[in-house]
Each structure stands twice: as C-alpha cells, then as structure tokens.
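Everything below concerns the one structure shown next.
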Amino acid sequence: MIAQEIYNALQERFADALLEAKLDGVLNPWIKVAPDRIKDVAQFLRDDERLAFDSLMCLSGMDYTGGTLGVVYHLHSMQWNHKITLKVDVPVDNPHVQSVASVWRTANWHEREAYDMFGIIFDGHPDLRRILMPYDWVGHPLRKDYQVPEFYNGMKVPY
Amino acid sequence: MNTAITATEQETRPVTVPGFGRHLKSEEMVVNMGPQHPSTHGVLRLELIVDGEIIVDAIPHIGYLHRCFEKHAEHMVNYQQVIPYCDRMDYVAAMNAEFGYVVACEKLLNIKVPERVEYIRVIMAEFQRIASHLIAIGTYGLDIGAFTPFLFCMRDREAILDIFEQTCGARLLYNYMWIGGLSHDVPVNFADKVKTFIKRFRGTIKELNDLLSYNKIFIERTANVGVLPADVAINCGASGPVLRGSGVKWDLRKNDPYSIYDRFDFEIPVGKGLKGTVGDCWDRYMVRVQEMEQSLNIIEQAVDKLPPGDVQAAIPKRIRPDAGEVYVRTETPKGELGYYIVADGTTSPFRVKVRAPCFVNLSLLPTITRGAMIADVVAILGSIDIVLGEVDR
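If you read the sequences in order, they're chains A and P. Sequence positions in the first sequence follow the working numbering and run 886 to 1044. Sequence positions in the second sequence follow the working numbering and run 198 to 590.
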C-alpha cells in the first residue's frame, strides 16, 4: 500500500484522531495523530489485515522547541513491505502520550528512553523508569533548553 | 541432621520448585551479574531474581557506557563531524555504523556517490561483518568454555584489521566513509590481498565448525536453550541474526536494499533447529557462521567488479541539507541499525536518533531467560551478541 491508501484506511476509522498529514514530496510520509488516540490507531494498524504493521522500527522522542515535544513512530509491515511514519505532538507542560508497549513490545525500552531523555510520560506503560541516565538524575538531557547540572550527588560534573 | 517434620509444618512451608522434596524450603533471591563480569561483554548489569538455580526474572540495567551520542550530534558544527562518533557506538563494527549514517545523509542531501565508492563501501562493510561475527563467535565459545576457537577467530580478525589499516590507517575506529565518498582509495594490490584472505578464511570456517559448531559439549550447552519463537521475535523488534535464528528470512540487504546490495548474489541463512528447537542459541550462533560465508561471496563478487574512478563525489564544501527528515536503516552485523535524522536547514543536524540493534535485541533478554538456569544466562546473552557501546550510545 502507498501512503495515501494507508491514510484513507485510517480515515475511515479514525477521522477525528488524524490531525495532519504529509504524504507526498517528502522522504518519509507521515501522519499526525492525537496523543490520546495513538494506542487505538496503533492497534488498528497492527491488526488490520490490509495494513498489518507488525514491526515498530523506531520510536523517537523529539523536542521541537517552542514548548512542543513529540514522539515519532516509524512503522513497517514485514508482510506487505510498506512503511508509514506516525507523529504525536504534546505540550511541554503536560507531556502525556498513550503507551504503545502493549501493541509492540519493542516500544517498552524506546518509550523509557524517550521518557528519560525528554520527560515525555507514556500513560499505560508497564515500567516507566529512566533507562540510560542514573535513576536519581535530575532533568531530561536531550531537551533543547537543558542545562548541565553543576553537581551530581555532590560530585562535580565535568564537560 | 534431623529432617523429621510435623504435619503442620509441612503444610505451611512453600514448595515452588517441582521435583524437589517437600521438606526443602525455596525462596527467591537477587543475584547481581555485572557490571564487571566477563560474560556480560561490557558494562551491563543484570539483576537476576533466582529461585535456586532457576531464573524467575532478569532485569537488565544499562547506561554505564552512555556517552551522549545524540546530544553530541546536535552540537556538532557540521554533519561530517558526527561520523567519528558513529564509529564509537558499535566499536567492533565501526564501518557498518558509518555506512548507515552516510547513506542517511546522502539520502537527505539527494546526492549520488560514484560507483567505485559504492563497491568499496560494500567490501568494507562485509569485511567488518566478518570481523564482528568472529568476535561474537570467539567470545561465545569463551563464555561456554572453549578457549581455542577464540584464538583462531582473533587471528583471522587481525588479517581483516590489517586490510583496514592498509586502506585508511586505523584498525578499530576508521572515520573512513565520508558523506559523498571515502577518506582514502584502496591500496595497490588490494584485490590480491582480499583474494588471499578469502581463500584462507574459507578453511578457517571449516576448522571453526569442527572445533566448535558441531562439538558435543557446545551443542549440549546451546541447543534448546533460550528459545525465541518467530512471532515474539518480530513483536519485540528483534533483527539481524537474532531474528534470522528464529527462522524468519529477513535481511535488509535483500528485503529493503540500500546502496548496491541488490546487485549481488547471496543467500540469507536462517535457523532451522538442526540440533534442537528453531530459535535456540545454537541456531543464532550458526546463522553467524553461515553469514560469514555469504559475506565472502559478496566480497568476491564486488572485488571482481570494482570499477575505476574517483572516491569522492562533487559535493558542496558546506553541507547544508534542506529542512526535512529521513529514516534510513541498514543491516549491521548485529541487526537493523536505523538513523532518524531531522534537518532544519542549518549546517548541523537538529536531531539524530539512533535505533541501535543491540538496544532492542537486549530488551528481549528477560523474555527468553525466564525459567532457564543461571549458567544458561551466559549462553543466552552471548548468543544475542551485544556491544554495550551501541546499547548505551
């Protein structure tokens, strides 16, 4: 299926959850989804036979600056060999996104990483802890406005 | 020792391990494995919750080697400067890590590189795949208790590193593939050296099979251990030999070709459960051995066809892609390495996210270790073949 057909299939079911789409003229066509509907959309994309997105290639946290965080999902179907990118935008003061860890288990660690690095909170995640930074680290390092703390547990942070 | 137990005591004591005497008490305890442990292949800490010898749960703790690759990439002055950092992610397969990054950047910039560059890149990437698999196989034998194959593997890896050194001067971290080309052309007599190596290495694979692959002790330790079913593997996002070991015929070089891989004739080895169940440790191991042979086939074809020409495309001095984004994935020895690069029209990337194959493959460790013995954890971890530099980035 090409991106337009995938978009049409989604439009039938989730007309209210699709916010924006860019399907031609870009390297990776993408569809923007509402943060509180992403799990249903993901479940549909995986289970529908025409779509069958059985693998989540990548899940990335984003900081678009200007008070917007985001999550980008790169999906691929091994069965039909087609791809689509989903995007979710959330405000930085209320960064809640539905977790898709129950749909693709790959998402478990990727969402933990996005939480660790950007402070995006994934509702319904089975085990949302920091993964790369120490458990008692303060702040989310990949945010664009991140300031490196001077001390960590009384130790001077070099760099 | 008095083992007489009254009837009331017998009923109150928990019995969780089947087959053990009812008078034996069993309780869960936590065993820490790592971060300094020879079988964790780096600084990985596993929190094992065990009931006697049986693993109830395994919780990986990572991040000890986190070097802020993604933050560094955003703060580089230009796109080229990110390449040495890519090397340092999977430090035993640096060529493949560079390969993915430069392919992604070239796609973003919409430039085509000369034919010669493509061929040399493929040769180097396949050599690096063999070198990485040699480490995986050698250290796996070491984990299980076979010392000799490790020495054989390191000896032949050295020959590959010599070829790299003659080409670009570095043995481990190359900074060889640049956006739009390569840092150096191959040395004189390159084809002869490659062919000598291939001829000798085919013999080594036979030796390895005799020494390790079909060794009774090795099979006993790896067959039917850590079985990963194909549907779980796909849902967990496994890739590379871990996915193929489960019997899924999936290789990005064939199924989603990048560079010029569609021009070569090679097979995709998959796990067939020859010594046990499909998707066990032995299958994952054997896929790597067979992949080395396939890599030799690719190198042979590429060296024969190596066209003359320049090794640097004419690209602007200041690389400044238009605003846009790209997700490119390539097949590294460990699996699917993805780069998600977002450009904002300046000379440095706005965001570089790396989908590291080791990171994802390690995340399924708890799934396949539950119910195994403590000694099996070493066998399972070795069969996944992780490099902590890439897990933690």
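Every residue, glycine too, gets a C-beta built ideally from N, C-alpha and C.
Could you say if the region 548-565 of chain P and the region 342-353 of chain P meet the contact criterion of at least three C-beta pairs nearer than 8 Å?
They do not touch, by the three-pair rule.
Please list, in chain order, the residues of the region 986-1012 of chain A that have any C-beta partner in chain P closer than 7 Å.
Correct list: 989, 990, 991, 993 and 994.
Residues of chain P with CB closer than 8 Å to the CB of residue 1017 (chain A), please, in chain order.
To locate residue 1017 (chain A), count along the first sequence from 1; it is residue 132. Near residue 1017 (chain A) (Cβ distances below 8 Å), the residues of chain P are 259, 260, 263, 589 and 590.
Distance cutoff 9 Å, beta carbons only. Does residue 240 (chain P) sit that close to anything in chain A?
If you number the second sequence from 1, residue 240 (chain P) lands on position 43. Closer than 9 Å: no.
Using a Cβ-Cβ distance under 9 Å, would residue 447 (chain P) count as near chain A?
Translated into positions along the second sequence, residue 447 (chain P) becomes position 250. Output row for residue 447 (chain P): interface = yes.
According to a CB-to-CB cut-off of less than 8 Å, which residues of the region 929-940 of chain A neighbour chain P?
So the list reads 939 and 940, given in the order they occur along the chain.
In terms of alpha-carbon separation, which member of P:481, P:464, P:463 and P:462 lies closest to residue 471 (chain P)?
As a first step, residue 471 (chain P) is located in the second sequence; it is residue number 274 there, counting from the start. For residue 471 (chain P), the nearest C-alpha among the options comes from P:481.
Note down, in chain order, every chain P residue with its Cβ under 8 Å from the Cβ of residue 913 (chain A).
In the first sequence, residue 913 (chain A) corresponds to position 28, counting from 1. Those within 8 Å of residue 913 (chain A) in chain P are 522, 523 and 524.
Tell me, please, whether the region 479-494 of chain P touches the region 540-557 of chain P by the rule of three or more beta-carbon pairs shorter than 8 Å.
The region 479-494 of chain P is not in contact with the region 540-557 of chain P.
Among the candidates P:293, P:501, P:300 and P:317, whose CA atom is the shortest distance from the CA of residue 330 (chain P)?
Counting from 1 along the second sequence, the entry for residue 330 (chain P) is found at position 133. Out of P:293, P:501, P:300 and P:317, P:293 has the C-alpha closest to the C-alpha of residue 330 (chain P).
Taking 8 Å as the limit between beta carbons, can you name the residues of its chain near residue 504 (chain P), skipping five residues before and five after?
Indexing the second sequence from 1 puts residue 504 (chain P) at position 307. Only 312, 313 and 316 meet the Cβ criterion.
Counting Cβ pairs, one atom from each stretch, are 3 or more of them under 8 Å apart for the region 1014-1034 of chain A and the region 992-1003 of chain A?
Result yes; three or more Cβ-Cβ pairs closer than 8 Å.
Taking only beta carbons into account, state which residues of the region 408-420 of chain P come closer than 7 Å to chain A, listed in chain order.
Hits within the stretch: zero.
Run through the DSSP bridge pairs and tell me what residue 321 (chain P) is partnered with.
Position 124 of the second sequence holds residue 321 (chain P). The partner list for residue 321 (chain P) (beta bridge, DSSP) is empty, contrary to what the question assumes.
When you compare only the Cα positions, how much space is there between residue 408 (chain P) and residue 402 (chain P)?
For this step, residue 408 (chain P) is matched to residue 211 along the second sequence. For this step, residue 402 (chain P) is matched to residue 205 along the second sequence. When rounded, the distance between both Cα atoms is 10 Å.
By how many angstroms is the C-alpha of residue 484 (chain P) removed from the C-alpha of residue 466 (chain P)?
Within the second sequence, residue 466 (chain P) is the residue found at index 269, counting from 1. Within the second sequence, residue 484 (chain P) is the residue found at index 287, counting from 1. Their backbone Cα atoms lie some 6 Å apart in a straight line.
Any beta carbon from chain P within less than 9 Å of residue 970 (chain A)'s own beta carbon?
Residue 970 (chain A) sits at position 85 when you count from the first residue of the first sequence. Chain P contact via Cβ: present.
Using a beta-carbon distance cut-off of less than 8 Å, what residues from the region 971-985 of chain A approach chain C?
Among the protein chains of the structure shown, namely A and P, there is no chain C.
Do residue 533 (chain P) and residue 942 (chain A) have their CB atoms nearer than 9 Å?
Translated into positions along the second sequence, residue 533 (chain P) becomes position 336. Translated into positions along the first sequence, residue 942 (chain A) becomes position 57. Closer than 9 Å, so yes.
Taking the alpha-carbon of residue 957 (chain A) as reference, which of A:1015, A:966 and A:927 has the nearest alpha-carbon?
For the purposes of this step, residue 957 (chain A) is taken as residue 72 along the first sequence, with counting starting at 1. Answer by Cα proximity: A:927.
Quick one: which chain A residues come within Cβ less than 9 Å of residue 535 (chain P)?
The residue labelled residue 535 (chain P) in the question sits at position 338 within the second sequence. Simply 942, 943 and 959.
Who are the neighbours of residue 886 (chain A) on chain P, taking C-beta pairs under 9 Å?
Stepping through the first sequence from its first residue, residue 886 (chain A) is reached at position 1. Here the premise fails: no neighbours, minimum Cβ distance about 16 Å.
From residue 996 (chain A) to residue 497 (chain P), what distance separates their C-alpha atoms?
Residue numbering aside, residue 996 (chain A) sits at position 111 when the first sequence is read from its first letter. Residue numbering aside, residue 497 (chain P) sits at position 300 when the second sequence is read from its first letter. Taking the straight line joining both Cα atoms gives about 42 Å.
In or out: residue 287 (chain P) buried (at least 16 other Cβ within 10 Å) or exposed?
Within the second sequence, residue 287 (chain P) is the residue found at index 90, counting from 1. Under this definition residue 287 (chain P) is a buried residue.
I'd like to know whether the C-beta atoms of residue 525 (chain P) and residue 322 (chain P) end up nearer to each other than 9 Å.
Within the second sequence, residue 525 (chain P) is the residue found at index 328, counting from 1. Within the second sequence, residue 322 (chain P) is the residue found at index 125, counting from 1. Against a cut-off of 9 Å, the Cβ pair of residue 322 (chain P) and residue 525 (chain P) comes out as no contact.
Rounded to whole angstroms, what is the Cα-Cα separation between residue 374 (chain P) and residue 531 (chain P)?
Locating residue 374 (chain P) in the second sequence gives position 177, where the first residue counts as 1. Locating residue 531 (chain P) in the second sequence gives position 334, where the first residue counts as 1. Between residue 374 (chain P) and residue 531 (chain P), the C-alpha separation is close to 19 Å.
Please state the DSSP three-state secondary structure of residue 571 (chain P).
Here residue 571 (chain P) is taken as the residue at index 374 of the second sequence, counted from 1. Looking at residue 571 (chain P) - three-state DSSP - the assignment turns out to be helix.
According to DSSP, which residues form a beta bridge with residue 252 (chain P)?
Taking the second sequence and counting its residues from 1, the one referred to as residue 252 (chain P) is at position 55. Partner(s): P:247.
Which residue comes first and which comes last in the alpha helix (DSSP H) that contains residue 586 (chain P)?
Against the second sequence, residue 586 (chain P) aligns to sequence position 389. It spans 585-589 - the alpha helix (DSSP H) in which residue 586 (chain P) sits, taken as one unbroken run.
So is residue 199 (chain P) buried or exposed if we call it buried at 16+ other beta carbons inside 10 Å?
Position 2 of the second sequence, counted from the start, is the residue given in the question as residue 199 (chain P). With a pLDDT of 42 at residue 199 (chain P), under the threshold of 50, the modelled position of that residue is not reliable, and the figure given next carries that caveat. Per the 10 Å Cβ criterion, exposed.
Between the Cα of residue 977 (chain A) and those of A:964, A:1012, A:1010 and A:1029, spot the shortest distance and give me the residue it belongs to.
In the first sequence, the residue the question calls residue 977 (chain A) occupies position 92. Selected option, being the one with the closest Cα: A:1029.
Of all the CB atoms in chain A, is at least one closer than 9 Å to the CB of residue 494 (chain P)?
Start at 1 with the first residue of the second sequence, and residue 494 (chain P) comes out as number 297. Chain A contact via Cβ: absent.
Three or more C-beta pairs closer than 8 Å, one from the region 561-573 of chain P and one from the region 270-281 of chain P: is that the case here?
Contact between the region 561-573 of chain P and the region 270-281 of chain P is absent, because fewer than three Cβ pairs lie under 8 Å.
So which residues on chain A does residue 548 (chain P) lean against when the C-beta distance must stay under 7 Å?
Locating residue 548 (chain P) in the second sequence gives position 351, where the first residue counts as 1. In chain order: 947.
Just checking my contact of residue 991 (chain A) with residue 434 (chain P) at CB under 8 Å: how many whole Å lie between their CB atoms?
As a first step, residue 991 (chain A) must be located in the first sequence, where it is residue number 106. As a first step, residue 434 (chain P) must be located in the second sequence, where it is residue number 237. With 8 Å as the limit, residue 991 (chain A) and residue 434 (chain P) qualify as a contact, their Cβ atoms being about 3 Å apart.
Which class does residue 275 (chain P) belong to by DSSP, given the choice of helix, strand or coil?
For this step, residue 275 (chain P) is matched to residue 78 along the second sequence. Of the three classes helix, strand and coil, the one that applies to residue 275 (chain P) here is coil, per DSSP.
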